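Those protein sequences? They're chains H and U, same order as listed. Counting in our numbering, the first sequence runs from 1 upward without gaps. Counting in our numbering, the second sequence runs from 1001 upward without gaps. Using N, Cα and C, we set each Cβ at its ideal position, and we do this for glycine too. From a predicted model like this one, the values you see are computed outputs, not experimental measurements. Since the structure comes first, as structure tokens, the remarks are kept for the end.
Protein chains: 2
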Amino acid sequence: MSTGDSNSPFERLLLREIQKVIGDAPIGVSLGQKTVKASGDAGVSRLVIRDRKTLARMVLDPEVGFGDAYMEGRLEVDGDLVHFLEATSQIMRSGRGKSWHNRLFGRWLMFAQGNTRDGSARNIHHHYDLSNDFYKLWLDRKMVYTCAYFPAPAATLEQAQDAKLEHVCRKLQLQPGERVVEAGCGWGSLALYMAKHYGVKVQAFNISREQIQYAQAQAKKEGLTGQVEFIQDDYRNISGGFDAFVSVGMLEHVGHEHYAELAEVIGKAIGNTGRGLLHFIGRNRSQPFSTWIRKHIFPGAYAPTLREALEIFERNNYAVLDVENLRLHYAKTLEHWLERYERAVEQVREMFGPEFVRMWRLYLAGSIAGFRVGTLQLFQVVFAGPERREIPWTRTHLYAGEAGIAEEPGWEKEWTPARY
Amino acid sequence: MSTGDSNSPFERLLLREIQKVIGDAPIGVSLGQKTVKASGDAGVSRLVIRDRKTLARMVLDPEVGFGDAYMEGRLEVDGDLVHFLEATSQIMRSGRGKSWHNRLFGRWLMFAQGNTRDGSARNIHHHYDLSNDFYKLWLDRKMVYTCAYFPAPAATLEQAQDAKLEHVCRKLQLQPGERVVEAGCGWGSLALYMAKHYGVKVQAFNISREQIQYAQAQAKKEGLTGQVEFIQDDYRNISGGFDAFVSVGMLEHVGHEHYAELAEVIGKAIGNTGRGLLHFIGRNRSQPFSTWIRKHIFPGAYAPTLREALEIFERNNYAVLDVENLRLHYAKTLEHWLERYERAVEQVREMFGPEFVRMWRLYLAGSIAGFRVGTLQLFQVVFAGPERREIPWTRTHLYAGEAGIAEEPGWEKEWTPARY
């Protein structure tokens, strides 16, 4: 290791400190343009830090310091960003990325961003009400903002999102005329798919105004207003009886301290004879969500271990019927999103400016890295009330035919970014 | 409700007490031959209690009192035994079947039957060393004493047990030459199947002397001694590195208080890059195993909730890849066992006498009822170390071809009980 002759003693001290955090991870660091660690290994990514103040901030809080500096353009990653972030995962796993400053700040966020009804409204507004036009730039045609299901890795994003909607419906074994409640419905893609392809009646809840308005317009366009009701309200206000409960990508916003409330909501909705599906980002081991992500991207977010999520079902004496881990599918989904995002990056810059561009890139790239290396997992859990006897005999019904791809025209066309 | 005119005041008091326990369950009771509750409903099973002492014992401890009296022939169930036991499940679920006497006795068993190394040796010996000739009377040809996998409900038991072995191998994605360790190998069927059909090397552990001797003889017969080593030892003594860990039907004998030890054993065996499968009887809600079953059938047994079992993987930072609930398959498996058992019942009576015949019938019938109504669940969990990247893309590989039935001659022949 060479700390660079032209650096001052203080700078050399800071570089040594950051080197301790990096440890064995294949990452080189330089201040200005001088390389600190260069093993000659092609697998080594290089972090170029612009100034001493940035370096000092990173020593104080490696995780948030790095994220903020990246966002503000005060450091650059020389090499592939996703590979660099994969390399940092071993730092995060070791705990070296969590300084006392980070832990303290993380705890404060947990308090400040709590998911009470008002808190949830603020947290969801922060992310999902950014602008529908922004999300249209890089999501699929149906605006599905959760992990897709790729029957084969080469499937297109549009195919994979449709296959996911189909996969979820098959897991729920929906029958025409049944009543389904959806908690956290995004732009409404699943609710509309369930109504259109399975003939069920859906009440879909979401507290994002932008998303609900879009979903309501979509229901009108597709002539499904008689079957699907989009309701701008908190999941805690779900009432009435249903045959099935489904929630895709909302549990991350519920917060562990509110799982008892969610269990009560599900219990009241489907009783002892219903069934449901919960789809969520999880962990191997219990830990807070990334502090930087909570600061900028998903306030109040928490990804539970599967064990923690199962508290919800155990409270209701529910049977867990099936758990599938789709982690690699989320990495693939995010690769599509990041690619489309980069193709539309000039439009994003016009909308939100250069810092936002870099912030969002780091979020998408970091998520790819997390799902690839397994610091993030993606679980789909199918559950049923204790008195439900009609449980599937095997899981072969999930894999009948073209692996869950419905026949819809237009998939063969090449994707082009939407214009706003 | 009529308590019967010819019963004494004390008998009428006892009958009223037992009626309180039964509550709304569709069960009639009579002392001698007099019916206490007869709603006229064809779905009502009738319990005929022979004498006052038996009735008093049932008031003191409904669960164990009933089981012991059934075993000793001091009561009869008028109607289908399994249906009767399904009806009692709502009594057990309500907690009314657990008197203070039962709870106290249950706690004492938990203490007396603890799964230390010596305790496990005793507990396993009690059940699995009964006699290989006894188990041959009613198990399938390969002597698989765990839940089968029925590609279709009409499959034979032999087909379903082979399909289960295949299902487990596919979930493990075994490759020729890999090293597999099996904890609790029964009579060796899975170890031999893995070696024969997947070309892996297996170390299989079991503390049952009878089972290990049988398995060793079987390995010789099949010419697999070079590939499969059957070791008569406790799972806690597993040492050395392996590519995969598998355990089918042993976790129930580990005991919740020893999960940390099991996690350590698995962690040492497969490290951060291996994978494994755990197959076990589970629960929707945390509760002790049936007191009567622990007293007579499975000393020291405990069926965890899925959440409790996941503690094992969370400790190791392992990813859960797949969970399948095969509860209905265990009900079906047990139906086959009970049917074969009844066909061989005269031989069982010669071997162990009439009380054993009734005890074992109650155990098999009660298990069918439990898996049907869901007081018992059956989980298969696939897991992987945090650094394992080769995780399956989808689960379609489990369902390729004839739903996991290998081609072996002889299945078409009708099953006939073995002769000892």
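Using only the alpha-carbon positions, how far apart do residue i and residue j sit?
i	j	result
U/Glu1063	U/Leu1081	15 Å
U/Lys1220	U/Glu1229	11 Å
H/Asp233	U/Arg1057	56 Å
U/Arg1358	U/Tyr1341	11 Å
U/Val1168	H/Pro392	19 Å
U/His1253	U/Gln1287	15 Å
U/Leu1328	H/Val323	17 Å
U/Lys1332	U/Asp1140	13 Å
U/Ala1260	U/Ala1301	17 Å
U/Gly1241	U/Asn1272	11 Å
H/Trp337	U/Glu1335	51 Å
U/Gly1401	U/Gln1173	16 Å
U/Ser1367	U/Ala1195	31 Å
H/Ala163	H/Leu190	11 Å
H/Ser89	H/Asp61	16 Å
H/Pro26	U/Ser1094	58 Å
H/Thr394	H/Arg96	45 Å
U/Phe1371	U/Gln1380	15 Å
U/His1101	U/Val1029	22 Å
H/Ser208	H/Phe280	18 Å
U/Glu1311	H/Leu326	21 Å
H/Asp78	H/Val44	9 Å
H/Glu339	H/Ala155	15 Å
U/Arg1016	H/Thr146	58 Å
H/Ala263	U/Gly1282	20 Å
H/Gly59	H/Glu355	The sequence shown places Val at residue 59 of chain H, not Gly. One C-alpha to the other measures close to 22 Å.
Could you check what DSSP says for residue i in three-state terms: helix, strand or coil?
i	result
U/Asp1162	helix
H/Leu13	helix
U/Arg1349	helix
U/Thr1333	helix
H/Ala204	strand
U/Ser1367	helix
H/Ala38	Here H/Ala38 scores only 48 on pLDDT, less than 50, and its place in the model is too uncertain to base an answer on.
H/Ser30	strand
U/Ala1384	strand
U/Leu1378	strand
H/Glu182	strand
H/Lys220	helix
Residues in its own chain within less than 7 Å of residue i by CB, not counting five upstream and five downstream?
i	result
H/Leu109	Thr291, Arg294, Lys295
H/Ile470	With chain H represented from 1 up to 420, any question about residue 470 of chain H goes unanswered, as that position is not in the structure.
U/Ala1384	Arg1275, Tyr1318, Ala1319, Leu1321, Ile1391
H/Leu362	Gly67, Tyr70, Met71
U/Leu1000	The structure shown has nothing for residue 1000 of chain U, since chain U only spans 1001 to 1420.
H/Leu85	Ala365, Gly366, Ala369
Taking the Cβ atom as the reference point for each residue, do residue i and residue j lie within a distance shorter than 8 Å?
i	j	result
U/Trp974	U/Met1143	Look at the range of chain U in this structure, 1001 to 1420, and you will see that residue 974 of chain U is not part of it.
H/Ala309	H/Phe289	no
H/Thr305	U/Glu1314	yes
H/Arg46	H/Arg74	no
H/Met92	H/Thr375	yes
H/Leu152	H/Gln161	The residue asked about is misnamed: residue 152 of chain H is Ala in this sequence, not Leu. Not closer than 8 Å, so no.
H/Leu157	H/Ala344	no
U/Asn1284	U/Gln1377	yes
U/Lys1171	U/Leu1398	yes
U/Ile1297	U/His1127	yes
U/Gln1113	U/Gly1119	yes
H/Gln227	H/Val202	yes
Keeping to the same chain, check which residues put their C-beta closer than 6 Å to that of residue i; ignore five residues upstream and five downstream.
i	result
H/Ser247	Ala183, Gly184, Leu278
U/Phe1010	none
H/Arg200	According to the sequence provided, residue 200 of chain H is Val. The question's Arg does not apply to it. Closer than 6 Å at the Cβ level, and outside the excluded window around H/Val200, lie Leu174, Glu178, Val180, Met194.
U/Val1021	Pro1062, Arg1096
U/Phe1150	Ala1160, His1329, Lys1332
Could you pull out every residue in the same chain whose Cβ sits closer than 8 Å to the Cβ of residue i, ignoring the five residues on either side in sequence?
i	result
U/Ala1117	This sequence places Arg at residue 1117 of chain U; Ala is not what is there. Correct list, in chain order: Asp1234, Arg1236.
H/Ser131	Glu210, Met351
Show which residues of chain A have a CB atom less than 7 Å away from the CB atom of residue i.
i	result
H/Ala319	Included in the structure are the protein chains H and U, with no chain A among them.
TODO: Ignoring anything shorter than 4 residues or poking outside the stretch 1228 to 1259 of chain U, list the alpha helix (DSSP H) runs there in chain order.
DONE: none
Open item on the list: Which complete alpha helix (DSSP H) runs does the stretch 1041 to 1093 of chain U hold, if anything under 4 residues is left out?
Closed with: Annotation: the stretch 1041 to 1093 of chain U contains the following complete segments of the alpha helix (DSSP H) (minimum length 4 residues), in chain order: 1052 to 1060, 1062 to 1071.
TODO: Scan the stretch 266 to 335 of chain H and note each continuous beta strand (DSSP E) run of 3 residues or more that stays entirely inside, going in chain order.
DONE: 275 to 282, 319 to 325
Task: Whole alpha helix (DSSP H) elements within the stretch 104 to 163 of chain H, 4-residue minimum - done: 117 to 128, 132 to 136
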